[in-house]
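Asker: Using this note's numbering, the first residue of the sequence shown is number 4, and each one after it goes up by one.
Heads up, the beta-carbon is just placed ideally off N, CA and C, and yes, glycines get one too.
Before I ask anything, here is the structure I am working with.
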Amino acid sequence: MMGSPMPRRELLSLKVLKSVTDVDFNEFSIFQRSAFHKPRALIDASRVQTPSYYRWKYSSAGNPILVQIRINQELVASISAIPIKFFISGEALLVYQLADIATAKSYRRRGFFGTCLAALLEELGPRTPIYCFPNPNSLEGILRAGFRQSTECYFWMRPAWPHLAERNRVDAVPPKQSQQDLFQLGGLDLSDPETFEWRFKSRPGVTYSVVHLQSACTEPAKLVYRILRFGPIRVAAILAARAYNSDEWRGLQTRAVEAMSREGVHAVLEFCHLRSPLQRGFIRIPTRMLGRPFPVVERNFPGSFSQFGAADWDVP
Ligand SMILES: CC(C)(COP(=O)(O)OP(=O)(O)OC[C@H]1O[C@@H](n2cnc3c(N)ncnc32)[C@H](O)[C@@H]1OP(=O)(O)O)[C@@H](O)C(=O)NCCC(=O)NCCS
């Protein structure tokens, strides 16, 4: 009589990778696509989660840290911390973004995400500033690991009608600042040339537009946007901005809407925490239309920084 086959023994290993040279981006891309795959997703993940996208993302500001679990050599869970240079309360600061949190579908609810996150936090130490834009699948687990929700980001939309560049409509409401003379959308350090080059010049397949304005400061004021196309509709999405006083902030907004008008956009999109958007005329896109909220969680961030913008997230 034949006996039933022996269940295959699981050889489980957990590894901490501290250099991009240790990452196989082809394998990583296949793993991420499969873990995030949704049959009727709004964005086709296979067009975003490519090896070149990950190679770009993991070349930010130093060495990323990844914690991965393999079973019989197969990658089954992974979580990453990507170093990014931020500018907070007038000072440059290296922070880490938690990203690419995934467990293979057939290995879920076995504690792998929790185990990987604990190992990653151990590696980063108790004082490193870390943030994340978690989705509803990971939010609870991240909060339980000692993060706090610092803010929530919203999408704001403004039609380019009646006339986008009409001066009196561009009555900018500067975001609240801890520093009186600095106006900032997004944490990213826009004055650090390497950070700017990495985030806005070297991302494969995406072109960003930059609006400059001479500033009282040695650095020009800057605003970065990107044109998104939905069939024939063109939408300008604002990614990040920084100005050094309120006059410059208004000037920058005016110059930005002029540039966007020349590109014939139908609407302007902003992603930020503020309940009042950066310019008049914006309406908030309801969360139910987007399918999920956009909380931001952090650990060890100085003060009460909440200026997160779209460029601080790895998706746009
Ligand atoms: C989010 C994700 C990484 C979680 O991975 P996971 O390895 O299943 O997570 P864990 O097992 O550590 O914990 C998940 C939950 O399962 C529970 N759980 C763990 N083992 C369990 C078991 N044997 N039986 C029942 N529940 C269990 C945990 O308590 C936890 O509960 P919670 O949802 O109340 O927090 C995974 O669902 C995933 O890859 N989703 C798709 C990609 C994604 O959305 N990533 C997040 C991007 S921000």
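Which same chain residues end up closer than 7 angstroms to residue 67 when comparing Cβ atoms and leaving out the 5 residues on each side of it in sequence?
Answerer: 23, 61, 83, 84, 85, 86
Asker: Since residue 252 is in the beta strand (DSSP E), which residue starts that stretch and which ends it?
Answerer: Here residue 252 belongs to no beta strand (DSSP E); instead the alpha helix (DSSP H) covers 249-265.
Asker: What are the residues that DSSP puts in a beta bridge with residue 232?
Answerer: 237
Asker: Under three-state DSSP, which class holds residue 186?
Answerer: Residue state, collapsed to three classes: strand.
Asker: According to the neighbour-count rule (16 or more other Cβ atoms, all chains shown, within 10 Å of its Cβ), is residue 128 buried or exposed?
Answerer: exposed
Asker: Output the boundary residues of the alpha helix (DSSP H) element that contains residue 200.
Answerer: From DSSP, residue 200 is part of no alpha helix (DSSP H); its letter is neither H nor E.
Asker: Could you tell me the distance, in whole angstroms, from the CA atom of residue 156 to the CA atom of residue 51?
Answerer: Taking C-alpha positions only, residue 156 is separated from residue 51 by approximately 22 angstroms.
Asker: Over the uninterrupted alpha helix (DSSP H) stretch that includes residue 119, give me the two end residues.
Answerer: 115-127
Asker: Please determine, among 314, 231, 308, 229, the residue with the shortest C-alpha to C-alpha distance to residue 154.
Answerer: 308
Asker: Could you compute how far the alpha carbon of residue 106 sits from the alpha carbon of residue 216?
Answerer: Their backbone Cα atoms lie some 45 angstroms apart in a straight line.
Asker: Should residue 298 be labelled buried (16 or more other beta-carbon atoms within 10 Å of its own) or exposed?
Answerer: buried
Asker: Pull up the distance between the alpha-carbon of residue 257 and that of residue 276, whole angstroms please.
Answerer: 21 angstroms
Asker: Is the beta carbon of residue 344 within less than 7 angstroms of some heavy atom of ligand 1?
Answerer: Within the shown structure, residues of the chain are numbered from 4 to 319, placing residue 344 beyond reach of any answer.
Asker: Applying the 10 Å Cβ sphere with the 16-neighbour rule, what's the burial state of residue 349?
Answerer: This structure gives no information on residue 349, because the portion of the chain shown stretches from 4 to 319.
Asker: Does DSSP put residue 41 in a helix, a strand or coil?
Answerer: coil
Asker: Kindly say whether residue 135, judged by its beta-carbon, lies nearer than 8 angstroms to any beta-carbon of chain C.
Answerer: Looking at the structure shown, chain C is missing, and only one protein chain is on hand.
Asker: Does the distance between the C-beta of residue 32 and the nearest non-hydrogen atom of ligand 1 fall short of 7 angstroms?
Answerer: no
Asker: Between residue 13 and residue 74, is the Cβ-Cβ spacing less than 8 angstroms?
Answerer: yes
Asker: Between the C-alpha atoms of residue 267 and residue 243, what's the straight-line distance to the nearest angstrom?
Answerer: 21 angstroms
Asker: Using C-beta distances below 6 angstroms, list every residue in its chain close to residue 79, excluding the 5 sequence neighbours before and after it, in chain order.
Answerer: 72, 107, 110
Asker: Using only alpha-carbon positions, find the residue among 138, 38, 96 that is nearest to residue 193.
Answerer: Among 138, 38, 96, the Cα nearest to that of residue 193 belongs to 96.
Asker: Rank 18, 226, 205 by C-alpha distance to the C-alpha of residue 63 and give the top, closest one.
Answerer: With distances taken between Cα atoms, residue 63 lies closest to 205.
Asker: Whose C-alpha, out of 34, 241, 120, is nearest the C-alpha of residue 57?
Answerer: 34
Asker: Per DSSP, which one or two residues make a beta bridge with residue 97?
Answerer: 88
Asker: What are the start and end residues of the alpha helix (DSSP H) that includes residue 146?
Answerer: 142-147
Asker: Helix, strand or coil for residue 134? Go by DSSP, reduced to three states.
Answerer: strand
Asker: Just mark residue 42 as buried or exposed, buried being the case when its beta carbon has 16 or more other beta carbons within 10 Å.
Answerer: exposed
Asker: In three-state DSSP terms, what is residue 64?
Answerer: coil
Asker: Let's see if you can read the secondary structure: which residues bound the alpha helix (DSSP H) around residue 9?
Answerer: Segment: none, residue 9 is in no alpha helix (DSSP H) and carries neither H nor E.
Asker: Which residue wins for smallest C-alpha separation from residue 187, given the options 251, 317, 264, 18?
Answerer: 251
Asker: With a CB to CB cut of under 7 angstroms and the five nearest residues on each side skipped, what residues in its chain are close to residue 293?
Answerer: 158
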